[in-house]
Amino acid sequence: MGTGGRSGPRPGKGSAEEAAATPIAASASCQYRCIECNEEAKELYRDYNHGVLKITICKSCQKPVDKYIEYDPVIILINAILCKAQAYRHILFNTKINIHGKLCIFCLLCEAYLRWWQLQDSNQNTDPDDLIRYAKEWDFYRMFAIASLEQTAFFIGIFTFLWVERPMTVKKKLNFILLLKALLLSSYGKLLLIPAVIWEHDYTPLCLKLIKVFVLTSNFQAIRVTLNINRKLSLLAILSGLLLESTMVYFFQRMEWDIGSDCAIYKSQDF
Numbered sequence: 001m002g003t004g005g006r007s008g009p010r011p012g013k014g015s016a017e018e019a020a021a022t023p024i025a026a027s028a029s030c031q032y033r034c035i036e037c038n039e040e041a042k043e044l045y046r047d048y049n050h051g052v053l054k055i056t057i058c059k060s061c062q063k064p065v066d067k068y069i070e071y072d073p074v075i076i077l078i079n080a081i082l083c084k085a086q087a088y089r090h091i092l093f094n095t096k097i098n099i100h101g102k103l104c105i106f107c108l109l110c111e112a113y114l115r116w117w118q119l120q121d122s123n124q125n126t127d128p129d130d131l132i133r134y135a136k137e138w139d140f141y142r143m144f145a146i147a148s149l150e151q152t153a154f155f156i157g158i159f160t161f162l163w164v165e166r167p168m169t170v171k172k173k174l175n176f177i178l179l180l181k182a183l184l185l186s187s188y189g190k191l192l193l194i195p196a197v198i199w200e201h202d203y204t205p206l207c208l209k210l211i212k213v214f215v216l217t218s219n220f221q222a223i224r225v226t227l228n229i230n231r232k233l234s235l236l237a238i239l240s241g242l243l244l245e246s247t248m249v250y251f252f253q254r255m256e257w258d259i260g261s262d263c264a265i266y267k268s269q270d271f
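Residue numbering for the sequence shown follows my numbering, beginning at 1 and increasing consecutively.
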C-alpha cells in the first residue's frame, strides 16, 4: 500500500533506485523483526519518489512487518503500556533507542527516593539532631546502593534461570545484552513512584503495589518478546529473579543495613 505525508529519515528505508529496480540483495543482514510473527526482515518499508512509502509485507504471515512506523509515538506508548507484544517488538527490534542506562539510573533514583522518604516517615522526631542527620545525603546514597544491588540480584536470577533452561528455550544462543536492554526499558513503570509519593493519599500503599505488579508484568512481556518463548518460561524467569531479590532483601534486613525495610511499602517479598 502507498502512503504519503510523513517524511524524514526512518529505520529500514530503501532508496528510490532500489525500489524501482530489484529487491535488497540476499546477502543483506536481517536486522528487523516482524511485529506479528517475530520473523526476521531485511527492511521495514520502501521509500519511493515524492515521499510515497510502501510498507514491507512479511513473507511468513503476509502482514505488514511493522505497522507502527506510521503511528504517532503517543499511540505506540499507549500500546506499550497495555503490554502489547507488537509494540514491544517495534520498540526493541525496529527502533534505535539508547536510553537504557539513563533510564535505569533515573528509575533507581526514584526507588531510592521512595525508600529514603519511608525512612524519614517511619522515624519522625522533633530532635534537631535527627533532622540534621536525615538532611545529610548519606542515607539517600545508601538507599540507592541497596536498590541497585536488589535490582542486580533480580536480573541475575532471571539470567541464571534462562541460562540453565537454554536448551529448552531457544535453539540459538541467547542474546543477554539485548535481554538486559529489554528489561531496563520495561522497568519504566518505576517512574510512577515519584508521583505516587508526591500526591500522598490513603491509597498510596495500594498504588505502590500496583506499580510493582505493572513493572513485573512489563518485565515478563519483555522476556517473552525478546527470546520468543512461551509464557510459562517467562513467568518462571520472573519468579526466579524475585526469589534471588527477596534473598538479597532478607540479607540486608539481617545485617540491618536497610533500616527502613520494616516499614517499606514497595518490596518484592510482598508479592
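Glycine is no exception: its CB is placed at the ideal position from the N, C-alpha and C atoms.
Looking at the unbroken alpha helix (DSSP H) that takes in residue i, where does it start and where does it end?
| i | result |
| --- | --- |
| ILE97 | No alpha helix (DSSP H) contains ILE97, which DSSP labels as neither H nor E. |
| LEU272 | This structure gives no information on residue 272, because the portion of the chain shown stretches from 1 to 271. |
| LEU53 | LEU53 -> not in any alpha helix (DSSP H); beta strand (DSSP E) instead, spanning 53-55. |
| SER148 | 138-164 |
| ILE223 | 204-227 |
| LYS181 | 176-185 |
| ASN79 | 73-81 |
| ILE198 | 193-198 |
Tell me which same chain residues have a C-beta within less than 6 Å of the C-beta of residue i, skipping the five on either side of it?
| i | result |
| --- | --- |
| SER186 | SER218, ASN219, ALA222 |
| ALA182 | LEU92, ALA222, THR226 |
| PHE251 | none |
| ASP80 | Residue identity check: residue 80 is Ala in the sequence provided, not Asp. These residues qualify, in order along the chain: ALA87. |
| ARG224 | SER234 |
Kindly list the residues whose CB is nearer than 7 Å to the CB of residue i, restricted to its own chain and excluding five residues on each side of it in sequence; keep chain order.
| i | result |
| --- | --- |
| CYS83 | THR217, SER218, GLN221 |
| TRP199 | none |
| LEU235 | PHE220 |
| LEU149 | MET248 |
| PHE176 | PHE159 |
| PHE214 | GLY189 |
| ASP139 | TRP116, LEU119 |
| ALA28 | Note that ALA28 has pLDDT 42, beneath the 50 cutoff, so the model's placement of it is unreliable and no number is given. |
| THR204 | ALA196 |
| HIS100 | LYS181, LEU184, LEU185 |
| LEU178 | THR226 |
Under the assumption that residue i contacts residue j (Cβ atoms under 8 Å), give the Cβ distance between them as a whole number of angstroms.
| i | j | result |
| --- | --- | --- |
| ALA196 | LEU208 | 6 Å |
| MET248 | ALA153 | 4 Å |
| LEU244 | GLY157 | 3 Å |
| LEU106 | LEU191 | Contrary to the premise, residue 106 reads as Phe rather than Leu in this sequence. Their Cβ separation, rounded to whole angstroms, is 7 Å, which keeps PHE106 and LEU191 in contact under 8 Å. |
| TYR188 | LEU103 | 6 Å |
| HIS90 | ILE78 | Not a contact, Cβ separation roughly 13 Å. |
Opposite residue i in the DSSP bridges: which residues?
| i | result |
| --- | --- |
| TYR32 | ALA41 |
| PRO64 | ILE57 |
| ARG115 | DSSP, once it has assigned bridges, lists no residue as partnering ARG115. |
| ARG89 | According to DSSP, ARG89 bridges with nothing at all. |
Using a Cβ-Cβ cut-off of 8 Å (strictly less than) and excluding sequence neighbours within five positions of residue i, which residues of its own chain qualify?
| i | result |
| --- | --- |
| ILE174 | Here the sequence assigns Leu to residue 174, which means Ile is not the residue at that position. Same-chain partners within the cutoff: LEU162, TRP163, ARG166, LEU227. |
| TYR32 | PRO11, GLY12, GLU40, ALA41, LYS42, GLU43, LEU44, VAL65, ASP66, PHE93, ASN94 |
| CYS58 | CYS34, GLU36, CYS37, GLU39, ALA41, PRO64, VAL65 |
| LEU193 | CYS110, GLU111, TYR113, LEU114, LEU208, ILE211, TYR266 |
| PHE155 | LEU180, LEU183, GLY241 |
| SER60 | CYS34, CYS37, GLU39 |
| ILE238 | ILE158, LEU216, ASN219, PHE220, ILE223 |
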